[in-house]
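Note sheet for the following structure.
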Amino acid sequence: MITIEDLGTYTFPALLNNSLRQFSDLPALSFVSGDPITYEEVGKKIDHFRELLYRSGVNKGDRVALLGSSSPNWAIAYFAITTLGAIAVPLLPDFSRNEVESCIRHAEATSLIVATRLAERVENPAALSVSRVFRLDDLEMLVGTMGRDGPVPEIALAESDTASIIYTSGTTGRSKGVELSHKNLVFTAIQGQFFQRINKFDVGLSILPMSHVYEFTIGFLMFFINGACIYYLEKPPTVTTLLPALKKVRPTIMLSVPLIMEKIYKNKIVPTFTRKPLVAALYRNPVFRKLFHRLAGKSLRKTFGGRIKFFGIGGAKVDPVVERFMKEAKFPYAIGYGLTETSPLLAGSGPNITRPGTIGVIMPGVELEIRNPDPDTGVGEVVARGENVMKGYYRDPDMTAEVLDKDGWFRTGDLGILDKKGRLSLKGRSKNMILGSGGENIYPEDIEFVLNQHPLVSESLVVEGDNSSLVALVQLDEERLAEEAKKRGAAHEQGTVAGIKEAVGEAVTDAMQEMSHMFAYKREEILAEIKFFVNENVNRMSRVDRVEPVEHFEKTASQKIKRYLYNIKKSIQPAGKH
Numbered sequence: 001m002i003t004i005e006d007l008g009t010y011t012f013p014a015l016l017n018n019s020l021r022q023f024s025d026l027p028a029l030s031f032v033s034g035d036p037i038t039y040e041e042v043g044k045k046i047d048h049f050r051e052l053l054y055r056s057g058v059n060k061g062d063r064v065a066l067l068g069s070s071s072p073n074w075a076i077a078y079f080a081i082t083t084l085g086a087i088a089v090p091l092l093p094d095f096s097r098n099e100v101e102s103c104i105r106h107a108e109a110t111s112l113i114v115a116t117r118l119a120e121r122v123e124n125p126a127a128l129s130v131s132r133v134f135r136l137d138d139l140e141m142l143v144g145t146m147g148r149d150g151p152v153p154e155i156a157l158a159e160s161d162t163a164s165i166i167y168t169s170g171t172t173g174r175s176k177g178v179e180l181s182h183k184n185l186v187f188t189a190i191q192g193q194f195f196q197r198i199n200k201f202d203v204g205l206s207i208l209p210m211s212h213v214y215e216f217t218i219g220f221l222m223f224f225i226n227g228a229c230i231y232y233l234e235k236p237p238t239v240t241t242l243l244p245a246l247k248k249v250r251p252t253i254m255l256s257v258p259l260i261m262e263k264i265y266k267n268k269i270v271p272t273f274t275r276k277p278l279v280a281a282l283y284r285n286p287v288f289r290k291l292f293h294r295l296a297g298k299s300l301r302k303t304f305g306g307r308i309k310f311f312g313i314g315g316a317k318v319d320p321v322v323e324r325f326m327k328e329a330k331f332p333y334a335i336g337y338g339l340t341e342t343s344p345l346l347a348g349s350g351p352n353i354t355r356p357g358t359i360g361v362i363m364p365g366v367e368l369e370i371r372n373p374d375p376d377t378g379v380g381e382v383v384a385r386g387e388n389v390m391k392g393y394y395r396d397p398d399m400t401a402e403v404l405d406k407d408g409w410f411r412t413g414d415l416g417i418l419d420k421k422g423r424l425s426l427k428g429r430s431k432n433m434i435l436g437s438g439g440e441n442i443y444p445e446d447i448e449f450v451l452n453q454h455p456l457v458s459e460s461l462v463v464e465g466d467n468s469s470l471v472a473l474v475q476l477d478e479e480r481l482a483e484e485a486k487k488r489g490a491a492h493e494q495g496t497v498a499g500i501k502e503a504v505g506e507a508v509t510d511a512m513q514e515m516s517h518m519f520a521y522k523r524e525e526i527l528a529e530i531k532f533f534v535n536e537n538v539n540r541m542s543r544v545d546r547v548e549p550v551e552h553f554e555k556t557a558s559q560k561i562k563r564y565l566y567n568i569k570k571s572i573q574p575a576g577k578h
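Set out below in structure tokens:
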């Protein structure tokens, strides 16, 4: 395990030099379709690109925007930027053109490194005061001039110097530039080893964007400081790209968001054990359910290549039913919790110590408290302090002051509780909490977990309606809905509609509406069933007054629903409506 004694200082030059010295001949980075380059080769590529940045006029403290999917060159570019003393501004590949340009303007970036396929997101760099443009694909300069000669000088860096400004695309709307220091990021990479040891024999498969601090710190830096090898997909992760990659790479460690495992469970595991009446009856028995899950776990581990020992899940809360499956299947999952503002890790667990319903224990070196706990439940706001807490929001002292006090305590905005053994459990976001008509606290996330257990619900969101009522917005599982429609005598519903829509798009809108009317009463019947289902499984205060279908939810890069787009008062129809 690498310690600060190995590095000397919490800076990227120290981290890089230690890895190049210890692991020079070992494989470091690769695309799935290619052969790995060694740590020594990575070092040479970093030196080459750092020199290019320097000769083109990039100085210490300059902001350099980085727009591209996860790749070996993304890592090389990041190291070149930060070891030169400049500040990396990673931009999520999913950002729209307006979001990309807004972030570049706000960060006052003067240089841009962009992948060819994303170049259209920045049509006119000069209009954004960007004077240098580099192509991420081959790390060559496209726009700019060489104004310097000679070798790159040694750049004096302090641990407190800013390494990154990371723009969040959060669930609350406005993007914020989170300013993270060298120490913030390197400290988290070192301390994160408490939850999982990584060694030079480990192999990772990256499926998340490196521009997200979760993947960057845990999925990249923790590997790099320990001499492990990371493989990257050349195309977005889908069944056709991911399964062959898993078979070839056979990763020992992967990071994911909850949605991936939730889809596997709901779309593959549950149908397998509920399709036949006899098997379904046995599956409802806890003893047989555990046996079936154990068998499914063996198959799942084989699908992931047969060597997986750590499957880290972060970015959102895990559905408790899905977590129960992973636990009973003996799948080596682990939970992590944190925010971009905390680089990101605050608490977590390793595969051998996970306990369903809890995040795990606090990361060493971090202080964590529950502020203003409810006297009855113990639930309060999670606040944290440590070397991983951000410097602040870039160019926004007022917003910084709202979440970061003079003593260094950061208000996460999350509601949680600590048990007697120091394990953290989360209840939801304080901004999402709904005050009931009787003054009780209602946590919409708890209701959503129940809603998501309904076989026809893909995802859900609970918002406050008029007069303290509760509205459940649900995205229906169209594939299962089509199957259900056939069972109920409405074979022309969504399966047919979806196929037509995909084939000819807008031209068949009228026909789709006509067919939708044919199935309307069936859909109303299903929504009524969903309402009955959820209200039978939550406490009286959390019962929903109405269920509304939505076509799809807008999401962040970490696959969280953008609540601010939906969190408005919903008009409630009179009693008696589904």
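Going by this note's numbering, the first residue of the sequence shown is number 1, and it counts up by one from there. Quick reminder that beta carbons are idealized off the backbone N, C-alpha and C, glycines included.
Going by DSSP, what residue range makes up the beta strand (DSSP E) through residue i?
| i | result |
| --- | --- |
| Y337 | Y333 to G338 |
| K427 | L424 to R429 |
| R63 | R63 to L67 |
| G312 | F310 to I313 |
| P27 | P27 to F31 |
| R546 | R546 to P549 |
Given this structure, state the Cα-to-Cα distance separating residue i from residue j, to the nearest angstrom.
| i | j | result |
| --- | --- | --- |
| K406 | E387 | 15 angstroms |
| D25 | I335 | 33 angstroms |
| R289 | K276 | 14 angstroms |
| G8 | I253 | 27 angstroms |
| E41 | G314 | 31 angstroms |
| V322 | M261 | 7 angstroms |
| G144 | S129 | 12 angstroms |
| T162 | T412 | 21 angstroms |
| G204 | I37 | 14 angstroms |
| P455 | V474 | 12 angstroms |
| M222 | C229 | 11 angstroms |
| I561 | K266 | 18 angstroms |
| E154 | H48 | 15 angstroms |
| D138 | R50 | 14 angstroms |
| G34 | R250 | 15 angstroms |
| G305 | N226 | 22 angstroms |
| L346 | A189 | 12 angstroms |
| S71 | I218 | 15 angstroms |
| L418 | T3 | 28 angstroms |
| G43 | T83 | 11 angstroms |
| P351 | K555 | 28 angstroms |
| A240 | M326 | The sequence shown places Thr at residue 240, not Ala. The straight-line gap from Cα to Cα measures roughly 24 angstroms. |
| P320 | S111 | 44 angstroms |
| L185 | T340 | 10 angstroms |
| S30 | S102 | 32 angstroms |
| K431 | R371 | 15 angstroms |
| N255 | L233 | Residue 255 is actually Leu in this sequence, not Asn. Rounded to whole angstroms, L255 to L233 spans 14 angstroms at the Cα level. |
| S69 | F23 | 26 angstroms |
Cutting at 7 angstroms between CB atoms, please list the residues of its own chain near residue i, excluding the five before and the five after it.
| i | result |
| --- | --- |
| T303 | L246 |
| V547 | A472, V474, L527, I530, K531 and H578 |
| T400 | G392 and Y393 |
| S19 | Y39, F224, I225 and G227 |
Between which residues of its own chain and residue i is the CB-CB distance below 6 angstroms, once the five residues before and five after are set aside?
| i | result |
| --- | --- |
| A296 | I269 and A329 |
| G428 | L415, Y443 and E445 |
| V279 | F273 |
| I113 | L66, A77, F134 and L136 |
| F187 | Y10, E387 and N388 |
| D202 | A228, T252 and I253 |
Where do the N-terminal and C-terminal ends of the alpha helix (DSSP H) with residue i fall, by residue?
| i | result |
| --- | --- |
| E5 | I4 to L7 |
| P397 | P397 to V403 |
| V279 | P277 to Y283 |
| S299 | P286 to T303 |
| R586 | Past the edges of the chain, shown from 1 to 578, lies residue 586, and the structure says nothing about it. |
| M326 | P320 to E328 |
| Y232 | Careful: Y232 lies outside any alpha helix (DSSP H), inside the beta strand (DSSP E) at C229 to Y232. |
Could you tell me how far apart the beta carbons of residue i and residue j are, in whole angstroms, since I believe they sit closer than 8 angstroms?
| i | j | result |
| --- | --- | --- |
| V583 | I447 | The structure shown does not extend to residue 583, since the chain is modelled only from 1 to 578, so the question has no answer here. |
| S460 | L451 | 4 angstroms |
| V152 | Y54 | 5 angstroms |
| G380 | P373 | 4 angstroms |
| I166 | A107 | Going by Cβ atoms, the distance from I166 to A107 rounds to 10 angstroms, so no, they are not a contact pair. |
| H215 | S181 | Reading off the sequence, residue 215 comes out as Glu, not His. 19 angstroms between Cβ atoms; not a contact. |
| P90 | S175 | No, P90 and S175 are not in contact; Cβ-Cβ is about 13 angstroms, not under 8 angstroms. |
Can you name, in chain order, every residue of its own chain whose Cβ lies under 8 angstroms from the Cβ of residue i, other than the five neighbours on each side?
| i | result |
| --- | --- |
| Y283 | F273, T274, R289 and F292 |
| M1 | Q193, R197 and N226 |
| R307 | V203, R250, P251 and T252 |
task: Could you pull out every unbroken beta strand (DSSP E) segment of at least 3 residues lying fully inside the stretch 79–125, listed in chain order?
output: 87–91 and 111–114
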